[in-house]
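**Q** Just dropping this structure here.
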Amino acid sequence: MNDDVRKTIYTTLTLFLFGVILWIGFLFVNACGFTLTCKQGNFPVDRTPMPTLLPATMPAMQTGGGDVTVSNHETCRVAAVDLVGAWVSAGASETEVFQFTDINLQNCEATFTEVKPLFVDANLWYSGSRSCVSCHSVDMTISSAQLDLSSYAGITSGSRRADSGSKGTDILGAGKWESSLLFDFISTSHADAPGHKNALSDLVIFAGKPHPVPEPTITPTP
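Sequential numbering of the sequence shown, starting at 730, is according to this note's numbering.
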C-alpha cells in the first residue's frame, strides 16, 4: 500500500517536472529559435542597415535644353507670347535690347537671341510639340505658307514669298503686335493649319534679365 502511494507521488512529481521543463523549452525555442544568441528576441530594425545600400552610380539628370528654359535668380519669368510681343513692339531689332515686364511685374530686358529659340526649338510650346521650323523652313518650295522662321532675315521677310530673295506679307504687323499674323497664329487656334489646332499662348518661360536700376545720385549738401 505504502509502496503504491510512494510510486504515485514520484510519478506525479516526475511528470510535473517534465512538464515544466517542456514548457520552458517551448518558450525558449519560440523566442530564440535553436540558437543560444536569442536574436529573435531583439527589437526589429525600423530602417535599412547602411551596409545593404548600393552606391548611386547614375549621372545627375540634366534639365532644360535651350536658353529660354534655364532659370536662376537673375532670370525673368514671362509668357512666351508677351516676350515675342515686346520684341515686335520695340521694333523687332536683331541686336538691340528691348524691355518688357515679366509676370512678377519686374522690369526686364532681352534681345532677339532669347526670342529665336521659340521658333527653332522642339518640345517647347507644349509636350511633344514640333519646332516651328519643321514646317516653316528656309526652302520656299516646301515651306508652309512660304514662311521661313529659322532666322531673323526669314522672320522679317514675311510669308507668301515667291523665293528666298523676295519679301512677302509682313507677319509682325508693322510693329503692332496684336494686329499681326504671328500674334493671331500663336494666340488663336487654327484647325486647318498643322500644328495650330490649339492656342499656344499659355506657355511661360524664363528669359531675359532684370533691367538694371541706376544707382541714386547723392547730391552733396553745402
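No residue lacks a Cβ here, since even glycine has one placed at the ideal position from N, Cα and C.
None of these values were measured; they are calculated from a predicted model.
So, V807 versus S916, is the Cβ gap smaller than 8 Å?
**A** It is not a contact, given that the beta carbons lie outside the stated cut-off.
**Q** When you measure from the CB of V844 to every non-hydrogen atom of the ligand NAP, does any distance come out below 7 Å?
**A** Among the components of this structure there are no ligands whatsoever, and the ligand NAP is therefore not found.
**Q** Nearest-angstrom Cα distance between S909 and L901?
**A** In a straight line, the C-alpha of S909 is about 5 Å away from that of L901.
**Q** Per DSSP, which residues does F935 bridge with? Please list them.
**A** In DSSP, F935 forms a bridge with R806.
**Q** Let me know the secondary structure DSSP gives T824 once reduced to three states.
**A** It is coil, neither helix nor strand.
**Q** Please say whether S866 and S858 have beta carbons closer to each other than 8 Å?
**A** No, they are not a contact pair.
**Q** How would you label G937, buried or exposed, when you count the other beta carbons within 10 angstroms and need 16 or more for buried?
**A** Buried is the call here.
**Q** Roughly how many whole angstroms lie between the Cα atoms of V817 and T885?
**A** Taking the straight line from one Cα to the other gives about 10 Å.
**Q** According to DSSP, is V797 helix, strand or coil?
**A** Note on V797: pLDDT 41, under 50, position unreliable in the model; no value is reported.
**Q** In chain order, what residues of the same chain have a beta carbon less than 6 Å from the beta carbon of L929, not counting five sequence neighbours either side?
**A** So the qualifying residues of the chain are W854 and I915.
**Q** Hey, how far is the Cα of E825 from the Cα of H940?
**A** Distance between the alpha carbons of E825 and H940: 14 Å.
**Q** Our contact map puts Y881 next to E823 with C-beta atoms below 8 Å; I'd like the distance itself, whole angstroms only.
**A** Going by Cβ atoms, the distance from Y881 to E823 rounds to 4 Å, so yes, they are a contact pair.
**Q** Pick out whichever of S895, S888 and T740 has its Cα sitting closest to the Cα of A874.
**A** Per the Cα distances, S888.
**Q** Which same chain residues, not among the five before or five after S893, have their C-beta less than 6 Å away from its C-beta?
**A** So the qualifying residues of the chain are M869.
**Q** DSSP three-state call for S888: helix, strand or coil?
**A** Three-state result, S888: strand.
**Q** For a quick check, are the C-beta atoms of S860 and D850 less than 8 Å apart?
**A** Yes; because the gap between Cβ atoms is below 8 Å, this pair is in contact.
**Q** Excluding five sequence neighbours on each side, which residues of the same chain lie with their C-beta closer than 8 Å to the C-beta of N759?
**A** Excluding positions up to five away in sequence, the list is empty.
**Q** Put C861 into one of helix, strand or coil per three-state DSSP.
**A** In the structure shown, C861 sits in a helix (DSSP, three-state: H, G or I).
**Q** Count the other CB atoms within 10 Å of the CB of W906; is the residue buried (16 or more) or exposed (fewer)?
**A** W906 should be labelled buried.
**Q** Can you tell which of G904, S918 and F747 has the C-alpha that lies nearest to the C-alpha of K926?
**A** Ranking the options by Cα distance to K926, first place goes to S918.
**Q** Closest to C842 by C-alpha separation, out of D877, A821, I753 and D913, would be which residue?
**A** First, the amino acid is wrong: residue 842 is Thr here, not Cys. Answer by Cα proximity: A821.
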